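Before any comments, here is the structure.
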Amino acid sequence: MHILVINCGSSSIKADIFNFLTKTSVHQLSVERIGKGTLGKINGVELVCHTTEEYSEILKAYLTEFVRLWDGPKISGIGHRVVHGGDDYSQPILIDAEVKSAISKMIPLVPLHNPVNLKGIEICEELFPDIHQVAVFDTAFHRSIPKRAQYYAIDRKLSDEKHIKRFGFHGISHQYVAEQAAEYLKRDLRELRMITCHLGSGCSITAIEYGRSIETSMGMSALEGLVMGTRAGDLDPGIINYLLSEGYTKEDISSLLNERSGLLGVSGQTNDMREIIKGAMDGDDGCRLALQLFTHRLRKYIGAYTAAMGGVDVIVFTAGIGENSPVVRHRSLQRFDYLGAIFNEDLNRDVKISLEQPVVEISTLNSRVKLLVVRTDEQKSIALETEKILSEKFKVNTIPVIPIAISARHVHLRQDTVEQLFGKGHQLTFRSPLSQPGQFSCEETVTIVGPRNRIEKVRVLGPARTYNQVEIARTDEFFLGVDAPIRDSGHIEGTPGITLVGTEGTVTLSEGLICAWRHIHMHPTDALLFGVQDKDIVEVDVEHNDRPITFKNVLVRVSDKFKLEMHIDTDEGNAAEITNGTKGVLLLTGSTCKLRKKNV
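Heads up: the sequence shown begins at 85 in the working numbering, then just goes up one per residue.
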């Protein structure tokens with residue numbers, strides 16, 4: 085299979101044809117400086133394929149020539165980077181009229197990007213009418229961000245009606261480099277707290293906690309956050325009102341904040357970081373201030389995201405500035421010794437990122453936090469997602485049934501905690517067996533005490549474990565007045581504590597309160613049958629006459645101690661009107677598992 089990938093930027097076009105046998109790009113197009121003396125190259129050879137500087141004509145002309153010069157097999161599909169998918173799309177999707185309409189509706193939020201993304205789709209429809217197209221959204225990776233980081237502190241009704249919330253961008257790049265970093269470190273991404281810094285013409289930083297984006301610097305539009313090439317980043321909203329009162333129109337302000345701010349606005353000369361650094365070294369005050377603002381804002385966000393995750397294991401630099409500027413990396417990583425993040429200046433200066441060496445480590449041997457420079461490859465990531473969608477669309481294989489169980493709130497305890505709550509020498513009392521081998525509910529219950537309320541008679545599950553863990557649902561979280569993160573069982577580092585009251589004592593835990601990550605228990609023989617591995621993430625589609633629902637980000641847990649069963653909490657069960665004993669059919673489509681509910 086060969087996939088054509090189109091990445092239309094505000095003043096640039098990139099296109100690649102990927103060979104999925106070799107997993108490499110075999111034909112490349114690069115067009116830059118559109119509207120300001122366009123420079124186009126196909127496979128590194130400079131070509132002029134246009135007569136004006138109008139974007140649509142340039143795109144059509146170069147794509148036509150690009151495909152004409154391709155002498156390989158027929159293209160099987162086309163993948164497009166689309167910057168903003170809004171609330172409608174959290175996954176890549178086949179493009180139709182409805183998808184194009186949704187992309188168009190987001191144009192006011194990203195006026196420099198969604199219009200050209202849409203032009204790319206429409207021109208490909210004209211040039212390749214028989215080839216399926218897939219939209220891969222830059223916002224999709226950030227849909228896992230919790231509401232506390234998603235909402236602005238404005239009228240909630242207005243936020244929901246007008247979609248005024250933080251969507252985040254550069255998700256394709258952040259997800260890709262995070263996966264590359266984890267692979268380089270030979271660690272599971274879902275075991276790491278990672279901060280990824282995408283620094284190019286547009287800049288953003290993301291906190292990735294155990295594989296999920298939980299905070300990102302860009303917001304409702306691509307204007308929020310870091311200082312960028314021509315965009316202001318974080319700004320006091322009062323400035324907008326002031327400029328309006330001074331006679332600026334909304335068009336004037338949009339142009340100012342999108343095209344004449346950032347490095348360009350502060351330096352007064354250029355948005356090219358290489359020129360900014362050279363000017364700063366030559367004593368130019370504007371360039372010095374631009375460099376200082378850029379790195380100060382980045383360092384501030386790194387510190388904030390470290391606090392949000394309760395620590396950090398890896399910091400990644402990527403994109404044009406992140407991969408190529410040792411000065412920016414040096415200035416951004418200063419004063420982080422207290423975090424255990426110590427960079428090696430010699431390694432930092434010598435970084436040479438390439439296709440053959442996509443990851444370079446710049447931390448010292450005694451640095452607790454790994455500091456990496458990672459080559460981003462949005463084109464490859466888009467190609468992989470496009471191939472997956474096309475495979476899912478045209479190749480569907482059914483596989484066996486799987487039961488679903490509702491997991492109500494419960495508590496796991498260490499033996500010493502059992503004795504503190506129920507008396508010295510107390511052993512948990514068997515009440516009834518659970519579905520998983522060796523697990524049982526106990527006669528013992530505890531009262532969970534939160535800042536706002538308490539919940540009584542919460543069942544303890546046995547046998548005793550090596551850690552304390554309290555699992556609640558979102559409704560419990562609101563009732564208790566606590567903030568419990570979504571975690572896989574046993575991953576309690578940095579989680580909040582809670583007070584437990586037993587018959588003989590009270591214990592205040594320092595950590596261990598979680599909302600359980602929805603998951604599927606599998607024996608290794610089941611995993612082999614389903615074609616999945618431990619810690620894979622799958623998608624679960626539950627069909628019901630009245631309450632259909634799709635569960636995304638479902639964790640697969642494989643052990644020879646497990647029995648096949650999917651676990652969801654009471655909130656999730658109620659949402660889909662699922663009861664214990666419901667069975668489903670697991671469908672494997674490409675690399676995505678879908679569970680369809682059956683009447684039993």
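All C-beta atoms in this analysis are idealised placements derived from N, C-alpha and C, irrespective of residue type, glycine included. Owing to the predicted nature of the structure, the values given are computational and were not obtained by experimental measurement.
Practice task
With a 10 Å radius around its C-beta and 16 neighbouring C-beta atoms as the bar for buried, classify Met-312 as buried or exposed.
Solution key: Your numbering for residue 312 matches position 228 in the sequence shown. Label assigned to Met-312: buried.
Practice task
Determine the extent of the beta strand (DSSP E) in which Arg-543 is found, giving its start and end residues.
Solution key: Here residue 543 refers to the residue found at position 459 of the sequence shown. Residues 538-549.
Exercise for the section: Would you kindly check if the distance between the Cβ of Val-115 and the Cβ of Ser-96 is under 8 angstroms? Expected result: Here residue 96 corresponds to residue number 12 of the sequence shown, with the count starting at 1. Here residue 115 corresponds to residue number 31 of the sequence shown, with the count starting at 1. For Ser-96 and Val-115, yes; Cβs fall inside 8 angstroms.
Practice task
Determine the DSSP secondary structure at Ile-289, reduced to helix, strand or coil.
Solution key: Along the sequence shown, one-based indexing puts residue 289 at 205. Three-state result, Ile-289: strand.
Problem - Under the three-state DSSP convention, the category Asn-91 falls into - result: Taking the first residue of the sequence shown as position 1, residue 91 is located at position 7. Correct three-state label for Asn-91: strand.
Exercise for the section: Determine the DSSP secondary structure at Val-400, reduced to helix, strand or coil. Expected result: The residue labelled residue 400 in the question sits at position 316 within the sequence shown. Looking at Val-400 - three-state DSSP - the assignment turns out to be strand.
Problem - Contacts around Thr-314, its chain only, beta-carbon distance under 7 angstroms, and the 5 residues preceding and following it disregarded - result: Position 230 of the sequence shown holds residue 314. In the same chain as Thr-314, and ignoring 5 residues on each side of it, the C-beta atoms closer than 7 angstroms to its own belong to Asn-342, Glu-343, Arg-344, Ser-345, Gly-346, Leu-348, Asn-355, in chain order.
Handout entry: Nearest residue (CA-CA) to Arg-631, options Ser-643, Glu-656, Ala-611
Key = One-based indexing of the sequence shown puts residue 631 at position 547. Of the listed residues, the one whose Cα sits closest to Arg-631 is Glu-656.
Practice task
Could you say if the region 398-406 and the region 226-241 meet the contact criterion of at least three C-beta pairs nearer than 8 angstroms?
Solution key: no
Exercise for the section: Count the other C-beta atoms from every protein chain shown that fall within 10 angstroms of the C-beta of Pro-535, then say buried if there are 16 or more, exposed otherwise. Expected result: The count along the sequence shown starts at 1 and reaches residue 535 at position 451. Exposed, by the Cβ-count rule.
Exercise for the section: Note down, in chain order, each residue of its chain lying with its Cβ closer than 7 angstroms to the Cβ of Ser-94, except the 5 sequence neighbours on either side. Expected result: Start at 1 with the first residue of the sequence shown, and residue 94 comes out as number 10. Take Ser-94, set aside five residues on each side of it, and the residues of its chain with a beta-carbon closer than 7 angstroms to its own are Leu-196, His-197, Val-200, in chain order.
Practice task
Return the residue from the list Leu-373, Lys-334, Thr-666, Thr-379 that minimises the CA-CA distance to Cys-287.
Solution key: Sequence index remark: in the sequence shown, residue 287 carries index 203 (1-based). The shortest C-alpha separation from Cys-287 is found at Thr-379.
Handout entry: 4 or more residues per run - each alpha helix (DSSP H) lying fully within the region 350-428
Key = Contiguous alpha helix (DSSP H) elements confined to the region 350-428 occur at 357-365, 369-393, 403-408, 410-417, taking only those with 4 or more residues.
Exercise for the section: Go through its chain and collect everything with a Cβ distance to Ile-662's Cβ below 6 angstroms, but skip five positions before and after it. Expected result: Here residue 662 refers to the residue found at position 578 of the sequence shown. Correct list, in chain order: Ile-488.
Exercise for the section: Please go through the same chain and pick out, in chain order, the residues whose beta-carbon is closer than 7 angstroms to the beta-carbon of Gly-204, but skip the five residues on each side of it. Expected result: Position 120 of the sequence shown, counted from the first residue, corresponds to residue 204. Hits under 7 angstroms: Ile-90, Cys-92, Leu-143, His-164.
Practice task
Please determine if the region 282-300 and the region 261-274 are in contact, where contact requires at least 3 C-beta pairs separated by less than 8 angstroms.
Solution key: yes
Handout entry: Identity of the residue in Leu-439, His-168, His-216, Cys-208 nearest Ser-475 by Cα
Key = Here the question's residue 475 lines up with position 391 in the sequence shown. Here the closest residue by C-alpha is His-216.
Handout entry: Residues bridged to Cys-526 [DSSP beta-bridge criterion]
Key = Against the sequence shown, residue 526 aligns to sequence position 442. Phe-514, per the DSSP bridge assignment.
Handout entry: DSSP bridge partner residues for Thr-583 (one or two, in chain order)
Key = Start at 1 with the first residue of the sequence shown, and residue 583 comes out as number 499. Answer is Val-533, Thr-592, bridged to Thr-583.
Handout entry: Inside the region 627-666 only - beta strand (DSSP E) runs reaching at least 3 residues
Key = 633-642, 649-653
Problem - Residue span of the beta strand (DSSP E) that contains Gln-217, given as start and end - result: The residue you call residue 217 lines up with position 133 of the sequence shown. Gln-217 -> beta strand (DSSP E) spans 217-221.
Practice task
Inspect the beta-carbon positions of Met-606 and Phe-635 and report whether they are closer than 8 angstroms.
Solution key: Sequence index remark: in the sequence shown, residue 606 carries index 522 (1-based). Sequence index remark: in the sequence shown, residue 635 carries index 551 (1-based). No; because the gap between Cβ atoms is not below 8 angstroms, this pair is not in contact.
Handout entry: Spatial neighbours of Ile-466 in its chain, beta-carbon cut-off 6 angstroms, leaving aside the 5 residues before and after
Key = Indexing the sequence shown from 1 puts residue 466 at position 382. Same-chain partners within the cutoff: Val-89, Gly-163, Arg-165, Val-220.
Problem - Val-591 to Val-194 span [Cα, whole Å] - result: Counted from its first residue, the sequence shown places residue 591 at position 507. Counted from its first residue, the sequence shown places residue 194 at position 110. Distance from the CA of Val-591 to the CA of Val-194, rounded to the nearest whole angstrom, comes to 51 angstroms.
Exercise for the section: List the DSSP bridge partners of Ala-489. Expected result: Indexing the sequence shown from 1 puts residue 489 at position 405. DSSP, once it has assigned bridges, lists His-651 as partnering Ala-489.
Exercise for the section: On a CA-only basis, which of Asn-325, Gly-352, Pro-321, Ala-316 is nearest Ser-339? Give me that one, please. Expected result: In the sequence shown, the residue the question calls residue 339 occupies position 255. When each option's Cα is compared against that of Ser-339, the closest is Ala-316.
Problem - Three-pair Cβ contact test at 8 angstroms for the region 232-249 versus the region 125-139 - result: no
Practice task
Kindly provide the ranges of any beta strand (DSSP E) runs that are 3 or more residues long and lie completely inside the region 171-241, ordered along the chain.
Solution key: Runs of the beta strand (DSSP E) inside the region 171-241: 217-221.
Problem - Test item: CB-CB of Ala-568 and Ile-556 under 8 angstroms - result: What you label residue 568 is simply residue 484 of the sequence shown in a count that begins at 1. What you label residue 556 is simply residue 472 of the sequence shown in a count that begins at 1. Result yes, Cβ atoms of Ala-568 and Ile-556 sit closer than 8 angstroms.
Handout entry: Paired residues, beta bridge with Glu-141 - DSSP
Key = By one-based count along the sequence shown, residue 141 stands at place 57. BP columns for Glu-141 are empty, so no partner.
Practice task
Could you tell me the boundaries of the alpha helix (DSSP H) in which Glu-25 lies?
Solution key: Within the shown structure, residues of the chain are numbered from 85 to 684, placing residue 25 beyond reach of any answer.
Practice task
Can you say whether Leu-455 is buried or exposed, counting buried as having 16 or more other CB atoms within 10 angstroms of its CB?
Solution key: Locating residue 455 in the sequence shown gives position 371, counting from the first residue. Leu-455 should be labelled buried.
Handout entry: Check whether Ile-87 and Ser-140 have beta carbons under 8 angstroms apart
Key = As a first step, residue 87 is located in the sequence shown; it is residue number 3 there, counting from the start. As a first step, residue 140 is located in the sequence shown; it is residue number 56 there, counting from the start. Cβ distance not < 8 angstroms, so Ile-87 and Ser-140 don't count as in contact.
Practice task
Can you give me the start and stop residues for the beta strand (DSSP E) that Ile-126 sits inside?
Solution key: Walking along the sequence shown from the start, residue 126 turns up at place 42. That run of the beta strand (DSSP E) goes 123-126.
Problem - Neighbourhood of His-510 by C-beta distance below 7 angstroms, restricted to the same chain and skipping five residues each side - result: Numbered from 1 along the sequence shown, position 426 holds the residue referred to as residue 510. Answer for His-510: Val-502, Glu-503, listed in chain order.
Exercise for the section: Sort Gly-119, Leu-273, Arg-543, Leu-269 by Cα distance to Val-444 and report the nearest one. Expected result: To locate residue 444, count along the sequence shown from 1; it is residue 360. Of Gly-119, Leu-273, Arg-543, Leu-269, the residue nearest in Cα terms is Leu-269.
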